[in-house]
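Chemist:
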Amino acid sequence: MNQSHSPILLLLLVKTATKLFRRLLPLPIATNSRVRGVCETPLLSKTVGQCLEETAHKFPEREALVFFKDGVRKTFSQFKQDVDLAAAGLLALGLKKGDRLGMWGPNKYEWVLMQFATAQAGIILVSVNPAYQAQELEFVIRKVGCKALVFPTQFKTQKYYEILKQACPELETASPGAIKSKRGRKWNDSVQGDSSRHRGQPGQRALTTLSLSFQGTTGSPKGATLSHHNIVNNAYLIGKRLDFNVRVAYGTTENSPVTFMGFPQDDITQKTETVGCVFPHTEAKIENPETGEIVPLNSPGELQVRGYCVMIGYWADPNKTSEVITDEKWYKTGDIAILDKYGYCKIIGRCKDMIIRGGENIYPAEIEQFLHTHPKLQEVQVVGVNDPKMGEEICACITVKAGQECTAEEIKAFCKGKVGSPRQSGLSRGRRGPQTRLQSLVLACPLAVGFSIADLSFQDPTVHSVCQQLPAHCLWQGE
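Per mature numbering (1 follows the signal peptide of the UniProt record, and there is no 0), the sequence shown runs over residues -18 to -1, 1 to 461.
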């Protein structure tokens, strides 16, 4: 699911759960790192359209959506009318149930409208990342066979129509019905055209496909296929647990997306150090990624999830699907985590970032958290480097605070006897730390890596290919 838009659908759907959930029942008590959420709440068998219809009937004059900067305010009744009109308009254009419609753009009212209109019409919404450029856009369109694409002319520096022309060079010469050009219908024509005969057509069943969400940082984007049953029940269970204050939650696109979430009554440790407790109707376990065995409680391993929330699969990609969903229907998150006996989860890092040093599993995040306690350090990233003896060794890429002096020897002494000591350390000074691991590694490499780029053991080919392009004179040799 497009991460910038998924909360909109969830927020509207959770309003169908009018009674706030309080943690009245005892939490599950586990003896090993496998837990199942308490199932006192039955799952729903409804579609997104049915949920909206019920909510609009119960609370017609309550505000459903507010886009303050755009001057848009809609009650549930007004929103339902717009959805009915838009759904009928899409069918009037010739789209049929099961066709794919791409929604490509930023957070706007039209995005939410199309999200619900496609669900009501039985059309599969393809959530296209608003930052996609021509190559990524073309891949998504061809992968799922989009019959239509909805997008604004421009948002900030992103000129959507110009990008589309790069992806589809034949755009302005194609015959009508093949690829719509500038002469194609505008928004108002599309949703208000000959749509009267299509109004009131029934929506899809709960188990049919609702949306395709493209995501992924390695290789071509993967399209997670989610059903009404996935999304409606995930939103419903969020609503049952939500108390409309800030809550920590965890999930992935492939899991609809939330699988862990905190309670209002959680203590300060649970609120600050975990991602919450496992959801109802959801199982979670922690496995040793090498042996496949369930690890003891409070021991790190790969987090796996099973339940109603797991996606149908990646669209038209059975090989990728089989890589992450086992025969027993467990979804492999790729996250390293810890479970306690009450089903609370702490995320430590990613499997692909784990360093295996002489057979020992080392988690970069643990070393990074420790190094952040050093008063002179501003930013830290820990990676694995190839080593002929140990297989991999620890390397710390460090940015020192402006005006401070620090040496590699000082860092090693600070770590000795407390956490895994970096064999190699690279230092830079006064640089602002980047926002993601990918950015951090790419920006750190020119100034902060004390070894040859060829030694890096990145499993992520994108990071490795970028680093390979760095000029040799940017590197300095470590000990």
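By construction, the Cβ of each residue, glycine as well, lies at the ideal position given by its N, Cα and C atoms.
#1: Find the nearest neighbour of residue 377 within the set 366, 210, 97, 273, judged by alpha-carbon distance.
#2: At 3 residues or longer, what runs of the beta strand (DSSP E) sit wholly inside the region 242 to 269?
#3: Could you tell me the alpha carbon to alpha carbon distance between residue 126 and residue 74, rounded to whole angstroms?
#4: In whole angstroms, what separates the C-alpha of residue 233 from that of residue 264?
#5: What does a CB cutoff of less than 8 angstroms around residue 113 pick up in its chain, not counting 5 residues either side in sequence?
#6: Going by the beta-carbon positions, is the gap between residue 72 and residue 38 smaller than 8 angstroms?
#7: Counting C-beta neighbours from all protein chains within 10 Å, is the total for residue 281 16 or more, i.e. buried, or is it exposed?
#8: Would you tell me roughly how many angstroms separate the C-alpha atoms of residue 24 and residue 231, rounded to the nearest one?
#9: Quick one: residues in its chain with C-beta nearer than 6 angstroms to the C-beta of residue 323, no 5 flanking neighbours on either side, listed in chain order?
#10: Would you give the residue range spanned by the alpha helix (DSSP H) that residue 144 belongs to?
#11: Under 7 angstroms Cβ to Cβ from residue 14, same chain only, skipping five residues before and after it: list those, please.
#12: Under 7 angstroms Cβ to Cβ from residue 58, same chain only, skipping five residues before and after it: list those, please.
#13: By the 10 Å Cβ neighbour count, where 16 or more other Cβ atoms means buried, how is residue 209 classified, buried or exposed?
#14: Which value, in whole angstroms, describes the spacing of the CA atoms of residue 142 and residue 340?
#15: Starting from residue 64, follow the alpha helix (DSSP H) in both directions and report where the run begins and ends.
#16: Below 6 angstroms CB to CB, which residues in the same chain sit around residue 56 once its five sequence neighbours on both sides are set aside?
#17: Buried or exposed: where does residue 249 fall if 16 or more other Cβ atoms within 10 Å of its Cβ makes it buried?
#18: Should the region 291 to 298 be regarded as contacting the region 307 to 316, the criterion being three or more beta carbon pairs within less than 8 angstroms?
#19: My guess is that residue 274 and residue 259 are in contact by the Cβ rule of under 8 angstroms, so how many angstroms apart are they, rounded?
#20: According to the Cβ coordinates, are residue 330 and residue 319 closer than 8 angstroms?
#21: Can you tell me which of the three DSSP states residue 312 falls into?
#22: Measure the C-alpha to C-alpha separation of residue 363 and residue 284 and round it to an integer number of angstroms.
#23: The beta strand (DSSP E) that contains residue 285, what's its start and end?
#24: Within the continuous beta strand (DSSP E) that includes residue 86, where are the two ends?
#25: Can you give me the C-alpha to C-alpha distance between residue 128 and residue 93, rounded to a whole angstrom?
#26: Does residue 229 come out as helix, strand or coil in the three-state DSSP assignment?
#27: Just checking my contact of residue 62 with residue 34 at CB under 8 angstroms: how many whole Å lie between their CB atoms?
#28: Are the Cβ atoms of residue 105 and residue 77 separated by less than 8 angstroms?
#29: If distances are taken between C-alpha atoms only, which option among 398, 251, 145, 317 comes closest to residue 115?
#30: Can you name, in chain order, every residue of its own chain whose Cβ lies under 8 angstroms from the Cβ of residue 253, other than the five neighbours on each side?
Modeler: A quick look at the data gives this:
#1: Counting from 1 along the sequence shown, the entry for residue 377 is found at position 395. Comparing alpha carbon positions, the residue from 366, 210, 97, 273 closest to residue 377 is 366.
#2: 264 to 269
#3: In the sequence shown, counting from the first residue as 1, residue 126 sits at position 144. In the sequence shown, counting from the first residue as 1, residue 74 sits at position 92. Going from the Cα of residue 126 to the Cα of residue 74 covers about 22 angstroms.
#4: Against the sequence shown, residue 233 aligns to sequence position 251. Against the sequence shown, residue 264 aligns to sequence position 282. The alpha-carbon of residue 233 is positioned some 12 angstroms away from that of residue 264.
#5: Position 131 of the sequence shown, counted from the first residue, corresponds to residue 113. Around residue 113, the same chain offers 140 as residues with beta carbons nearer than 8 angstroms, after the five sequence neighbours per side are excluded.
#6: Walking along the sequence shown from the start, residue 72 turns up at place 90. Walking along the sequence shown from the start, residue 38 turns up at place 56. No, they are not a contact pair.
#7: In the sequence shown, counting from the first residue as 1, residue 281 sits at position 299. The residue is exposed, with fewer than 16 neighbouring Cβ atoms inside 10 Å.
#8: Start at 1 with the first residue of the sequence shown, and residue 24 comes out as number 42. Start at 1 with the first residue of the sequence shown, and residue 231 comes out as number 249. Each residue's Cα considered, the two are about 21 angstroms apart.
#9: Locating residue 323 in the sequence shown gives position 341, where the first residue counts as 1. Closer than 6 angstroms at Cβ, skipping near neighbours: 11, 12, 279.
#10: Counted from its first residue, the sequence shown places residue 144 at position 162. Note, residue 144: alpha helix (DSSP H), 142 to 149.
#11: As a position in the sequence shown, residue 14 is number 32, starting the count at 1. Contacts found: 276, 278, 279.
#12: Translated into the one-based positions of the sequence shown, residue 58 becomes position 76. The residues are 37, 38, 41, 42, 44, 46.
#13: Counted from its first residue, the sequence shown places residue 209 at position 227. With 16 or more Cβ atoms within 10 Å of its Cβ, residue 209 is classed as buried.
#14: As a working mapping, residue 142 is identified with position 160 in the sequence shown. As a working mapping, residue 340 is identified with position 358 in the sequence shown. Looking at the two C-alpha atoms, the distance is approximately 50 angstroms.
#15: Here residue 64 refers to the residue found at position 82 when the sequence shown is read from its first residue. Where residue 64 is concerned, the enclosing alpha helix (DSSP H) stretches over 58 to 74.
#16: Walking along the sequence shown from the start, residue 56 turns up at place 74. Closer than 6 angstroms at Cβ, skipping near neighbours: 46, 47.
#17: Stepping through the sequence shown from its first residue, residue 249 is reached at position 267. Exposed.
#18: yes
#19: Locating residue 274 in the sequence shown gives position 292, where the first residue counts as 1. Locating residue 259 in the sequence shown gives position 277, where the first residue counts as 1. Not confirmed; about 25 angstroms, so no contact.
#20: In the sequence shown, residue 330 corresponds to position 348, counting from 1. In the sequence shown, residue 319 corresponds to position 337, counting from 1. In this structure, residue 319 lies closer than 8 angstroms to residue 330 by Cβ.
#21: Within the sequence shown, the letter at position 330 stands for residue 312. Correct three-state label for residue 312: coil.
#22: For the purposes of this step, residue 363 is identified with residue 381 of the sequence shown, where counting begins at 1. For the purposes of this step, residue 284 is identified with residue 302 of the sequence shown, where counting begins at 1. Going by the C-alpha atoms only, they are around 21 angstroms apart.
#23: Taking the first residue of the sequence shown as position 1, residue 285 is located at position 303. Where residue 285 is concerned, the enclosing beta strand (DSSP E) stretches over 283 to 289.
#24: As a first step, residue 86 is located in the sequence shown; it is residue number 104 there, counting from the start. Note, residue 86: beta strand (DSSP E), 82 to 86.
#25: Position 146 of the sequence shown, counted from the start, is the residue given in the question as residue 128. Position 111 of the sequence shown, counted from the start, is the residue given in the question as residue 93. Distance between the alpha carbons of residue 128 and residue 93 is about 17 angstroms.
#26: One-based indexing of the sequence shown puts residue 229 at position 247. Of the three classes helix, strand and coil, the one that applies to residue 229 here is coil, per DSSP.
#27: Taking the first residue of the sequence shown as 1, we reach residue 62 at position 80. Taking the first residue of the sequence shown as 1, we reach residue 34 at position 52. Indeed they touch by this definition, with Cβ atoms about 6 angstroms apart.
#28: Locating residue 105 in the sequence shown gives position 123, where the first residue counts as 1. Locating residue 77 in the sequence shown gives position 95, where the first residue counts as 1. Yes.
#29: Position 133 of the sequence shown, counted from the start, is the residue given in the question as residue 115. Nearest to residue 115 by alpha-carbon distance, out of 398, 251, 145, 317, is 145.
#30: Numbered from 1 along the sequence shown, position 271 holds the residue referred to as residue 253. Here the set comprises 230, 244.
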